[in-house]
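Numbering (my numbering), first residue to last: 4 to 530. C-beta: ideal position from N, C-alpha, C; glycine also.
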């Protein structure tokens, strides 16, 4: 892999270029709520419902963005003393978002509004209209050709919307709705206090950490680190953390909040975030942690079974199983894709007999485009470049598997795997606390601002030890030209030998242990 040698000065220049378009924004740069099409109309209708005592129902979604969006609105309504009922659809019983399955539970309400869903709820919107229910949709997903019949639609991806940033999540729009209501109602609620939860949603929903997203996450992390919310305190106690960063949210907090929706019902995550005291929060967090442990065990089992089916000659991996848990197939697709460095689609046959599942892209492949060419073979299909969801009849599986390979090949993607997140080849002599402090200046890292990775070659393994209950992790001492560095590699069964000469791909981290701070390389690949 041809990566140029890189110095700390060049690293700084490369990272600075990531912000050449919008620069480093702050909260003062946030657009006003009125920039959203229909925000004023939605606000006025909700205010009318509040003043006239109408019955109001909120419909959320079962991922972290939907859970946080629901929590934010519920918190605000509680603060202003207005009754609000909410539903998080159950992934297994209800399906996604505002669907006809929910109509029996909302038929007696005067006003229904959504967060993080609804822009494709055509059928349910018609039912709401028949029942005389005013429907307000707030969503951030792509607007389809046919839109629902609604009193107001707040979605920044509408053509007539003047909001300047397309890539924001549902919780950000929920926060903007709160800001709009706060102004009209003259409630004088501190909006900044809600940014801690908003930052969790931005990171979990993999929004690019650029423009206002970066500003909101930076401010949100500060709010989280001094938060009095029992749920956040319980998380910090559980993680044994004094401060939280973006990676803590992405790798520790988000999976736990997501696990309830994947394994059982996302309402447990909302109830945890709404906990009014630390005792309830701790008990509710334990339930979520148990869901997450079950999720990880199931994910590992399915990954092992799916890996045995992989045909390494395929350009796009397609694997299918019987009764694999549909709540984790997307994670499995991502794991298999990373391992084989190829796009991957994981399907499971459910009770209906159809196959349904998820796909995750890898490298430059536009998985949405490649799969769209197979649309006649599919029953349901949606997603974006990097992730898809689909279902198909059993008899179409083999034809789908063959056609998607041909579609991929027709794109003439480059076979040379250049990882854009690797900034260059770094000498061990440049790895020090000064470099770490330089990297900190460009935090928070995440989608759209990935944590910098480096490659180093001609590395000697001076020592290697197994870690973990199942001995599934490795700790290394490496050397290069007599400079040594400590490193860890997670989730591997590979055997390494002292004296072996390798190349490594890694990020750089501070390791805080026993009141000592040391540098540690977080390995992605040893080859």
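Ordered along the chain, which non-local residues of its own chain (more than five positions away) have a Cβ less than 7 angstroms from that of residue i?
i: residue 325; result: 352
i: residue 461; result: 483 and 504
i: residue 192; result: 79, 82 and 185
i: residue 327; result: 305 and 351
i: residue 292; result: 259
i: residue 509; result: 456, 457, 490, 524, 525, 526 and 527
i: residue 241; result: 288
i: residue 169; result: 159 and 160
i: residue 395; result: 357, 358, 380, 381, 382 and 403
i: residue 104; result: 97 and 98
i: residue 9; result: 426, 427, 428 and 429
i: residue 278; result: 233, 234, 284 and 287
Identify the residues that DSSP records as bridge partners of residue i: which are they?
i: residue 41; result: Note: residue 41 sits in no beta bridge, so no partner.
i: residue 117; result: 62
i: residue 475; result: The partner list for residue 475 (beta bridge, DSSP) is empty, contrary to what the question assumes.
i: residue 513; result: 522
i: residue 350; result: 323 and 360
i: residue 456; result: 425
i: residue 155; result: 139
i: residue 483; result: 486
i: residue 468; result: 478
i: residue 449; result: 452
i: residue 504; result: 463
What residues in its chain sit with their C-beta under 6 angstroms from that of residue i, if we drop five residues either side in the sequence?
i: residue 102; result: 127
i: residue 369; result: 388
i: residue 93; result: 268
i: residue 50; result: 187
i: residue 216; result: 205 and 210
i: residue 190; result: 83
How would you label residue i, buried or exposed, when you count the other beta carbons within 10 angstroms and need 16 or more for buried?
i: residue 77; result: buried
i: residue 345; result: buried
i: residue 424; result: exposed
i: residue 309; result: buried
i: residue 288; result: buried
i: residue 221; result: buried
i: residue 213; result: buried
i: residue 374; result: buried
i: residue 507; result: buried
i: residue 275; result: buried
i: residue 136; result: buried
i: residue 143; result: buried
Quick check: is any heavy atom of the ligand ATP less than 7 angstroms from the C-beta of residue i?
i: residue 49; result: Within the structure as shown, the ligand ATP is missing, as the structure has no ligands at all.
Along the chain, where does the beta strand (DSSP E) that runs through residue i open and close?
i: residue 84; result: Neither: residue 84 is in no beta strand (DSSP E) and is coded neither H nor E.
i: residue 525; result: 519 to 529
i: residue 294; result: Segment 281 to 310 is the alpha helix (DSSP H) holding residue 294; no beta strand (DSSP E) there.
i: residue 395; result: 390 to 395
i: residue 361; result: 358 to 363
i: residue 384; result: 383 to 386
i: residue 490; result: 486 to 492
If I'm right that residue i touches residue j with Cβ under 8 angstroms, what's the distance once you round it to whole angstroms?
i: residue 57; j: residue 138; result: In fact, because the Cβ distance is near 13 angstroms, the residues do not count as touching under 8 angstroms.
i: residue 67; j: residue 235; result: Actually they are not in contact, since the Cβ atoms of residue 67 and residue 235 sit about 14 angstroms apart, beyond 8 angstroms.
i: residue 463; j: residue 481; result: 7 angstroms
i: residue 176; j: residue 152; result: At roughly 20 angstroms, the Cβ-Cβ gap does not stay under 8 angstroms, so residue 176 and residue 152 are not in contact.
i: residue 117; j: residue 62; result: 5 angstroms
i: residue 157; j: residue 42; result: 5 angstroms
i: residue 228; j: residue 266; result: The pair is not a contact, with the Cβ atoms about 29 angstroms apart (cut-off 8 angstroms).
i: residue 59; j: residue 112; result: 7 angstroms
i: residue 320; j: residue 313; result: 5 angstroms
i: residue 338; j: residue 155; result: Contact doesn't hold; Cβ gap of about 40 angstroms is too wide.
i: residue 197; j: residue 39; result: Not confirmed; about 17 angstroms, so no contact.
i: residue 207; j: residue 252; result: 7 angstroms
Could you pull out every residue in the same chain whose Cβ sits closer than 8 angstroms to the Cβ of residue i, ignoring the five residues on either side in sequence?
i: residue 476; result: 469, 470, 491, 492, 493, 494 and 495
i: residue 280; result: 233
i: residue 406; result: 376, 377 and 380
i: residue 11; result: 433, 437, 438 and 441
i: residue 195; result: 30, 222 and 226
i: residue 417; result: 367
How far does the alpha helix (DSSP H) with residue i in it extend, from its first residue to its last?
i: residue 10; result: Segment: none, residue 10 is in no alpha helix (DSSP H) and carries neither H nor E.
i: residue 402; result: 400 to 413
i: residue 220; result: 214 to 228
i: residue 187; result: 173 to 188
i: residue 235; result: 233 to 242
i: residue 333; result: 332 to 343
i: residue 275; result: 270 to 276
i: residue 163; result: Here residue 163 belongs to no alpha helix (DSSP H), and DSSP marks it neither H nor E.
i: residue 372; result: 370 to 375
i: residue 204; result: 198 to 207
i: residue 130; result: 125 to 133
Under 8 angstroms between C-beta atoms, does residue i make it to chain D?
i: residue 396; result: No chain D appears in the structure shown, which is made up of a single protein chain.
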